[in-house]
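Undergrad:
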Amino acid sequence: KNEVEQSPQNLTAQEGEFITINCSYSVGISALHWLQQHPGGGIVSLFMLSSGKKKHGRLIATINIQEKHSSLHITASHPRDSAVYICAVNPGGFGNEKLTFGTGTRLTIIP
Amino acid sequence: GAGVSQSPSNKVTEKGKDVELRCDPISGHTALYWYRQSLGQGLEFLIYFQGNSAPDKSGLPSDRFSAERTGGSVSTLTIQRTQQEDSAVYLCASSLDRVGYGYTFGSGTRLTVV
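Chains A and B supply the protein sequences, listed in that same order.
Residue numbering for the first sequence is 947 to 1057, as defined by this note's numbering.
Residue numbering for the second sequence is 25 to 138, as defined by this note's numbering.
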C-alpha cells in the first residue's frame, strides 16, 4: 500500500464544474504539497500545507491532519486546468525534506 | 536565474554508455533535489543536497548513480553504464531552505536508453 493515495485516478468533467481531488496518507507528515503537471510539461507547485486551508484564484486546498486527508478543489473549471495533479508529503518530523508522491490524478476538462 | 534550468531537455543514449544530467537551481536556493519519473509510474526521490551538509543519497537506485553539487549551486547527476530501465524523466527541484518554503521544479530531462 502506498503511503500516499489519491482518488480518483482519472477524472473527466465539463467546463464550469466544481472539481474535487482527494489525497490520503498513512504516515505522520510535516507538510503536504499539491503539484500540477501539464502534458509534456514540467511540474508546478500549487500549494504547500501543514494545516487548515489555502486559496489561490480558483484553486482551494484543505488539509485535515487528524484524518490524514487533503482535498484540492477547482471552482469554475476550465479546459486549461486539464493536467495531472499530484499530492506529495514530507514524511516524518521537520527536517525530512524528501517528498513521497501519490500516483496523481489525471484531470480532463471538456469545453 | 528565473527558474530551475535543466539540460539537456532530451537525451538518447546507447545501453552501457555514461550520461550526465545538469541542474542549475534558482540563485540563492540552498536545497536541491533530484527526482525520477518513469513511464507509467509516479515520482521517486533520488538525492537531496542542503548547503554544505552531506547529501542524502538514500533514493539512488544503484551505485551506477551519483550526483554532485559544486559550489552550492549547479548539480550534475551521473548515470554510469546506462540500462534500459534507467529510461525516465529526471527532474530537479530547488527550494530556498528547508521544508516550509515550497519547491520549484525544472522542466526535466527525458532520458531514453536504447
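Every residue, glycine too, gets a C-beta built ideally from N, C-alpha and C.
Predicted model only: the values in this text are computed from it and were never measured.
Can the beta-carbon of arginine 93 (chain B) be found less than 8 Å from the beta-carbon of glutamine 104 (chain B)?
TA: For the purposes of this step, residue 93 (chain B) is identified with residue 69 of the second sequence, where counting begins at 1. For the purposes of this step, residue 104 (chain B) is identified with residue 80 of the second sequence, where counting begins at 1. Contact flag unset, no.
Undergrad: Since leucine 981 (chain A) and valine 990 (chain A) are thought to touch, with beta carbons under 8 Å apart, how far apart are those beta carbons, to the nearest angstrom?
TA: Locating residue 981 (chain A) in the first sequence gives position 35, where the first residue counts as 1. Locating residue 990 (chain A) in the first sequence gives position 44, where the first residue counts as 1. That pair is a contact at about 7 Å.
Undergrad: Got a sec? Which residues, its chain only, sit under 6 Å from valine 1062 (chain A) by beta carbon, not counting five neighbours each side?
TA: Only positions 947 to 1057 of chain A appear in the structure, and residue 1062 (chain A) is not among them; the question remains open.
Undergrad: Out of A:Phe993, A:Ile1056 and A:Lys1044, which has the shortest C-alpha to C-alpha gap to alanine 1022 (chain A)?
TA: Numbered from 1 along the first sequence, position 76 holds the residue referred to as residue 1022 (chain A). Alanine 1022 (chain A) has its Cα closest to that of A:Ile1056, out of A:Phe993, A:Ile1056 and A:Lys1044.
Undergrad: Using a C-beta cutoff of 8 Å, does lysine 1044 (chain A) count as contacting chain B?
TA: Looking up residue 1044 (chain A) in the first sequence gives position 98. Yes - at least one Cβ of chain B is within 8 Å of the one on lysine 1044 (chain A).
Undergrad: Using a threshold of 8 Å, state whether the C-beta atoms of glycine 998 (chain A) and phenylalanine 129 (chain B) are closer than that.
TA: Mapped onto the first sequence, residue 998 (chain A) falls at position 52. Mapped onto the second sequence, residue 129 (chain B) falls at position 105. In terms of Cβ geometry, glycine 998 (chain A) and phenylalanine 129 (chain B) do not form a close pair [threshold 8 Å].
Undergrad: Give a yes or no on whether the C-beta atoms belonging to threonine 102 (chain B) and lysine 41 (chain B) are separated by under 8 Å.
TA: On the second sequence, position 78 is the one that residue 102 (chain B) refers to. On the second sequence, position 17 is the one that residue 41 (chain B) refers to. Contact flag unset, no.
Undergrad: Report buried or exposed for leucine 1045 (chain A), applying the criterion of at least 16 other Cβ atoms within 10 angstroms of its Cβ.
TA: Working through the first sequence from its first residue, we reach residue 1045 (chain A) at position 99. Result: buried.
Undergrad: Is it true that the CB of glutamine 30 (chain B) sits closer than 8 Å to the CB of leucine 126 (chain B)?
TA: What you label residue 126 (chain B) is simply residue 102 of the second sequence in a count that begins at 1. What you label residue 30 (chain B) is simply residue 6 of the second sequence in a count that begins at 1. The question names leucine, yet the displayed sequence has glycine at residue 126 (chain B). Cβ distance not < 8 Å, so glycine 126 (chain B) and glutamine 30 (chain B) don't count as in contact.
Undergrad: Would you list the residues sitting across from aspartate 80 (chain B) in a DSSP beta bridge?
TA: If you number the second sequence from 1, residue 80 (chain B) lands on position 56. According to DSSP, aspartate 80 (chain B) bridges with B:Tyr72.
Undergrad: Work out the CA separation of glutamate 38 (chain B) and threonine 966 (chain A) for me, nearest whole Å.
TA: The residue you call residue 966 (chain A) lines up with position 20 of the first sequence. The residue you call residue 38 (chain B) lines up with position 14 of the second sequence. If you take the alpha carbons of threonine 966 (chain A) and glutamate 38 (chain B), they lie about 43 Å apart.
Undergrad: Is it the case that the Cβ atoms of serine 118 (chain B) and leucine 56 (chain B) are separated by a distance below 8 Å?
TA: Here the question's residue 118 (chain B) lines up with position 94 in the second sequence. Here the question's residue 56 (chain B) lines up with position 32 in the second sequence. Result yes, Cβ atoms of serine 118 (chain B) and leucine 56 (chain B) sit closer than 8 Å.
Undergrad: Run down chain B in chain order and give the residues with a C-beta less than 7 Å from the C-beta of phenylalanine 1047 (chain A).
TA: Counted from its first residue, the first sequence places residue 1047 (chain A) at position 101. Correct list: Gly66 and Leu67.
Undergrad: Quick one: give me the first and last residue of the beta strand (DSSP E) that tyrosine 971 (chain A) is part of.
TA: What you label residue 971 (chain A) is simply residue 25 of the first sequence in a count that begins at 1. Taken as a continuous stretch (DSSP letters only), the beta strand (DSSP E) holding tyrosine 971 (chain A) covers 965-971.
Undergrad: Taking C-beta pairs closer than 7 Å, name the residues in chain B that glycine 962 (chain A) reaches, listed in chain order.
TA: Numbered from 1 along the first sequence, position 16 holds the residue referred to as residue 962 (chain A). Correct list: empty, because the minimum Cβ distance to chain B is about 29 Å.
Undergrad: At which residues does the beta strand (DSSP E) containing glutamine 61 (chain B) begin and terminate?
TA: One-based indexing of the second sequence puts residue 61 (chain B) at position 37. It spans 55-61 - the beta strand (DSSP E) in which glutamine 61 (chain B) sits, taken as one unbroken run.
Undergrad: Indicate whether asparagine 968 (chain A) and histidine 1015 (chain A) have their beta-carbon atoms separated by less than 8 Å.
TA: One-based indexing of the first sequence puts residue 968 (chain A) at position 22. One-based indexing of the first sequence puts residue 1015 (chain A) at position 69. Closer than 8 Å, so yes.
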